[in-house]
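Each residue of the sequence shown is one higher than the last, beginning at 672 in our numbering.
Built from N, CA and C at the ideal position, the CB exists for glycine as well.
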Amino acid sequence: MPAPAGAHVIFGETLPVAERYAALLATAGVERGLIGPREVDRLWERHLFNCAVLAEAVPQKATVVDIGSGAGLPGVVLAIVRPDLSITLLEPLLRRTNFLTEVVEELELTNVTVRRARAEEVVGEYAADVVTARAVAPLERLVGWALPLLRPGGELLALKGDRAAAELEEAAAVLKGFGVRIAELLQVGHGKVDPPATLVRVLAEAPPRRKKGPRR
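Take a look at the structure:
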């Protein structure tokens, strides 16, 4: 899968690794039903580019948990373009985790761990700086899976499409229940992808402090 014009602007010196990943998606990814055959011709523009520009919103040297990694979008792409990140690919289906493990080994991604589990099964095991997700679930469900995996002050970065604003509004009650005060739309990739990619950013709040009662 040769990269289209402009790919070097996004991937820089990591472009050869991204090309190898694109080839794996277009072959084994399609054969195993992780990528639809019709997506092959638009792998770069629709998938790889949009996932790569997500890196603009991720802090340096962050620990990241990618929920519902599937074929590795966006988690594997983030690992390629940002080797400073420590990334866990969280995926419950065996055939997908098998593929992800092979991808990580083939691309020699030393900053990635593959974990077969659902998000709700690993609560208490992670205190990540960032949780990412793409095409996993509506925001009102996604926040319930993501926020328990974050440290106080960590953030959910969810790649969303045209319904991003509507999903943010529909999730208002759930966000309030978690004590979330900052939930906003961000656009990344200006000048690199057209249109820019839309993210929903949700900041995890610290749990409320319990008031000390009078001693008895």
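Inset, instruction - Enumerate, from N- to C-terminal direction, the unbroken beta strand (DSSP E) stretches of 3 or more residues contained entirely within the region 796-842. - result: Entirely contained in the region 796-842, the beta strand (DSSP E) runs reaching 3 residues are, in chain order, 799-805, 821-831.
Legend entry - Whole-Å CB distance - Leu771 paired with Val785, under 8 Å assumed: 5 Å
Inset, instruction - May I ask you to verify whether the region 856-866 touches the region 795-813, counting CB pairs closer than 8 Å and requiring at least 3? - result: no
Inset, instruction - State the start and end residues of the unbroken beta strand (DSSP E) segment that holds Val752. - result: Run containing Val752: none in the beta strand (DSSP E); it sits in the alpha helix (DSSP H), 746-752.
Inset, instruction - Note down the Cα distance separating Ala875 from Leu818, rounded to an integer number of angstroms. - result: 6 Å
Legend entry - Segment limits, beta strand (DSSP E) that includes Leu856: 854-859 is the extent of the beta strand (DSSP E) around Leu856.
Inset, instruction - Look at the alpha carbon of Pro708 and the alpha carbon of Glu779, and state the distance between them as a whole number of angstroms. - result: 26 Å
Inset, instruction - Tell me whether Val729 is buried or exposed, calling it buried when 16 or more other Cβ atoms sit within 10 Å of its Cβ. - result: Per the 10 Å Cβ criterion, buried.
Inset, instruction - Put Glu792 into one of helix, strand or coil per three-state DSSP. - result: helix
Legend entry - Proximity below 8 Å, CB of Val814 to CB of Val793: no
Inset, instruction - Helix, strand or coil for Asp755, going by three-state DSSP, please let me know. - result: coil
Inset, instruction - Determine the burial state of Ala837: buried for a count of at least 16 other Cβ atoms within 10 Å of its Cβ, exposed for fewer. - result: exposed
Legend entry - Span separating the alpha-carbon of Ala674 from that of Ala842: 37 Å
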